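So the structure is just underneath, and the comments pick up after that.
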Amino acid sequence: MKIKIRLREILAEREISQRQFALSMNMRIATVNHLCSENVDRVYLRTLEQICDALEIDISELVVTEKG
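Sequential numbering of the sequence shown, starting at 1, is according to the UniProt record's numbering.
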């Protein structure tokens, strides 16, 4: 089972650039870019909480599991 962070898709749906989001969150652009990549291997739970709060979404909308 693979865990995926859907940040790229959610930002695209809302027409928010990764750079805009990072600046609005006072987060490093590199951090947001990494979370939007396919190669996320670790992330702080607090970071996920902050993202969910900022986007007003549930963690289940941000983090999903994939078979394979």
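Don't be surprised by glycine CBs; every beta carbon is placed ideally from N, CA and C.
Keep in mind it's a predicted model, so treat the numbers as computed, not measured.
Close Cβ partners of residue i (< 6 Å) along its chain, the five nearest in sequence each way excluded
i     : result
ALA22 : ILE29 and VAL32
GLU66 : LYS2 and LYS4
GLU38 : none
Beta bridge counterpart(s) of residue i as assigned by DSSP
i     : result
THR65 : ILE3
Contact set for residue i: own chain, Cβ-Cβ below 7 Å, skip 5 residues either direction
i     : result
LEU55 : ILE10
HIS34 : VAL40
Euclidean distance between Cα positions of residue i and residue j
i     : j     : result
ARG8  : ASP58 : 16 Å
ASN26 : ARG46 : 14 Å
CYS36 : GLU13 : 13 Å
SER17 : ASP53 : 17 Å
Contact set for residue i: own chain, Cβ-Cβ below 8 Å, skip 5 residues either direction
i     : result
VAL63 : ILE3, LYS4, ILE5, ARG6 and LEU48
is_contact[residue i, chain B] using C-beta, thresh 9 Å
i     : result
ILE51 : Reference to chain B is not applicable here, since this structure consists of a single protein chain.
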